[in-house]
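Residues 1 to 102 (full-length UniProt numbering) are what the sequence shown spells out, left to right. All C-beta atoms in this analysis are idealised placements derived from N, C-alpha and C, irrespective of residue type, glycine included. Just so we're clear, the structure is a prediction, and the values are computed from it rather than from any experiment.
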Amino acid sequence: MASKSASKWLHSTSLREFQSLYREVLRTCRAFHHCDPTGSPWNTRLKLEARKEFEQGRAETDPLVIARMLVVGRESVQQIQVKFNQADKAIEERIKRDISRR
């Protein structure tokens, strides 16, 4: 069985990692300026969904589940960032092509 100090260290470490991941999710959400079909900004909806997901995971105590949540969360944010950057570059290239045709 893990000692109390080891358990405390694991808790504080995972808490810092979750806070870091949450801040990264919020920074990534800022990039989404367009609106959904109801007219709500996507960044607002994404922030609310992220908050809900993090609140659901708050009560988790199993270190393996916590580690899995952190890994999956980081990978998901990175994939979204890569896809967003690719789409942004494609738009930029299209604009440059259209301007050069004029």
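A direct Cα-to-Cα measurement between K52 and R97 gives close to 42 angstroms. Of all alpha-carbon atoms in Q78, A67, D88, E93, the one lying nearest the alpha-carbon of L26 is that of Q78.
E49 and G57 have their C-alpha atoms some 13 angstroms from each other. F84: member of the alpha helix (DSSP H) spanning 63 to 101, first to last residue. L64 counts as exposed, since fewer than 16 other beta carbons sit within 10 angstroms of its beta carbon. Taking all protein chains in view, the Cβ of G73 is crowded by 16 or more other Cβ atoms within 10 Å, so the residue is classified as buried.
Considering only A67, Q19, T38, Q81, the residue with the shortest C-alpha distance to E55 is Q19.
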